[in-house]
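Below: one structure, written as structure tokens.
Number of protein chains: 2
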Amino acid sequence: MLATAADCFSRYGYAGSSIDRIARKAGVTKGSIYYHFRDKEDLLAATVLDRIAEFEQRVQASCDGLAADEALRRIAHVCQDHAMSKDHPRFLIMLMIESIDTNQQVSDQLRSTMRGFRRFLAGLVRRGQQQELFRADVDPERVASAYTSAVLGAEIQYYQDPDSFCMDDALGHYIDTLLVSLNGVRTDSLQENGENR
Amino acid sequence: MLATAADCFSRYGYAGSSIDRIARKAGVTKGSIYYHFRDKEDLLAATVLDRIAEFEQRVQASCDGLAADEALRRIAHVCQDHAMSKDHPRFLIMLMIESIDTNQQVSDQLRSTMRGFRRFLAGLVRRGQQQELFRADVDPERVASAYTSAVLGAEIQYYQDPDSFCMDDALGHYIDTLLVSLNGVRTDSLQENGENR
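Heads up: the protein sequence lines correspond to chains C and Y, in order.
Quick note on the working numbering: the first sequence kicks off at 1 and runs consecutively.
Quick note on the working numbering: the second sequence kicks off at 1 and runs consecutively.
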């Protein structure tokens, strides 16, 4: 049911997805939806929570046991797979934009999801710094903000123009330059000088 | 009038902006709007063209006479100023998302705008390569895709969460890593070896 709801919201927007339409698509009665959810806003909130939980589990599972640099590369792949899958990929992003001025509850949920994603990335960078995999003079929060921008912006361009925008190129180039900046230049020159050994 | 229309579409979405509402806000009669525009879709298309032209002029003017690396830094500032201005910044981005499945004409306009922006950036990178400011083994199209992602993703996070997302940090970090990757490493080592002198 929540998957069908996500499908409807994703395809017709919030305004275009009546409880009636969702019930019909899901092959259930309107009554059974109202049994579980107070109203359409309540159903939307549950749908969002369900999709967020799925995405967060996927991200976390994907970098279990990986070194920080491999994890940063892996997460970009997970986001890309997610964007290119048939699994309502646009749903959360469309909603993130649409809900900014219109739906406080959903807007709050998505804001806290994005904060969590950035916090998770900053934690990865910090871990990489503690393990001396990444140079120490980089601000983990700045990396997390730029990383999230790169992923989000690539997803949107891909949804908008799958024929001319290559998500793999955009994310690949971003991750390559990021990893060079995190562990390349300064670390190498320090190592040559023997300063961090 | 087009500015008021942009303001309405930006605030209430396409569905929530009746010709009636726009006419009232602009202080004109419905008749005078219908004199110039066939219907609401036609008015929206004109509004989009007007905003796009304004943004493109700003970007192009901003990097007149600048070297390619300075131009890449400057454009990020222009995008940031644009996003943080009171000048209907969300309008084009909200619409880009909303129109994907719903409005072919506007969707086509915005798709071609994004293609133009990426082409402009790729041209800058190519110019930097010809002037031996940037290393030659970087694909200008990949840079353009990643750059556009970084800007777009930063704008959206800023609209969603201005209190916790620092656009300046996100774009600053991205541009710094990009410029290092474009002209830093390889060029330096070539120069040390005297190969490109």
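For each residue, glycine too, the CB sits at the ideal point set by N, CA and C.
All figures in this text were calculated on a predicted structure; none of them were measured in a lab.
Asked, Found
"Any C-beta of chain C under 8 Å from that of Asp39 of chain Y", "no"
"For Phe37 of chain Y, the first and last residue of its enclosing alpha helix (DSSP H)", "Unbroken run through Phe37 of chain Y: none, as it is neither H nor E."
"For Leu92 of chain C and Ser99 of chain C, believed in contact at Cβ under 8 Å, the rounded distance", "That belief does not hold up - the Cβ atoms of Ser99 of chain C and Leu92 of chain C are roughly 10 Å apart, past 8 Å."
"Chain Y within 8 Å of Cys166 of chain C, Cβ atoms only", "yes"
"8 Å CB neighbourhood of Arg58 of chain Y in its chain, flanking five on each side removed", "Val78, His82"
"Secondary structure of Thr113 of chain Y, DSSP reduced to three states", "helix"
"At least three beta-carbon pairs within less than 8 Å, the stretch 110-119 of chain Y to the stretch 33-41 of chain Y", "no"
"Continuous beta strand (DSSP E) assignments of at least 3 residues falling wholly in the stretch 94-182 of chain Y", "none"
"Collapsed DSSP secondary structure at Met85 of chain C in the structure displayed", "Per the sequence shown, residue 85 of chain C should be read as Ser rather than Met. Coil."
"Pairwise C-alpha distance: Ser149 of chain C and Arg186 of chain Y", "Bear in mind that a pLDDT of 40 at Arg186 of chain Y, under 50, signals an unreliable position, so the number given afterwards is only what the model happens to contain. Spanning the two alpha carbons is a distance of roughly 26 Å."
"Closer than 8 Å to chain C by CB, Ser181 of chain Y", "yes"
"Where Gly116 of chain C meets chain Y, residues with beta-carbon distance less than 9 Å", "Under the 9 Å cutoff, chain Y gives no residues; its nearest Cβ is about 11 Å from Gly116 of chain C."
"Chain Y within 8 Å of Val151 of chain C, Cβ atoms only", "yes"
"Per-residue DSSP class, three states only, for Ala15 of chain Y", "coil"
"Whether Tyr147 of chain Y touches Leu179 of chain Y by CB criterion (8 Å)", "no"
"8 Å Cβ cut-off: residues of chain Y touching Val125 of chain C", "Going along chain Y, no residue has its Cβ under 8 Å from Val125 of chain C, so there is no contact; the nearest lies around 11 Å."
"is_contact[Gln105 of chain Y, chain A] using C-beta, thresh 8 Å", "Absence of chain A from the displayed structure is noted, the protein chains being C and Y."
"Proximity test, Cβ basis, 8 Å: Ser17 of chain Y and chain C", "no"
"DSSP-derived helix/strand/coil call for Thr29 of chain C", "coil"
"Alpha-carbon spacing of Ser32 of chain C relative to Ile19 of chain C, whole angstroms", "11 Å"
"Proximity test, Cβ basis, 8 Å: Tyr174 of chain C and chain Y", "yes"
"Proximal chain C residues relative to Glu98 of chain Y, where beta-carbon distance stays under 9 Å", "Gly13, Met94, Ile97, Glu98"
"Environment of Ser85 of chain Y [buried if 16+ CB atoms lie within 10 Å]", "exposed"
"Whole runs of the beta strand (DSSP E) within the stretch 48-81 of chain Y, excluding any shorter than 3 residues", "none"
"CB of Ile97 of chain C within 8 Å of CB of Ile97 of chain Y, strictly", "yes"
"Cutoff 8 Å; reference Ala45 of chain C; Cβ partners in own chain excluding five residues on either side", "Gln105, Val106, Gln109"
"Chain-ordered chain Y contacts of Thr177 of chain C [CB-CB under 8 Å]", "Ala146, Thr177, Leu178, Val180, Ser181"
"Rounded distance between the beta-carbons of Lys25 of chain Y and Thr4 of chain Y, thought under 8 Å", "5 Å"
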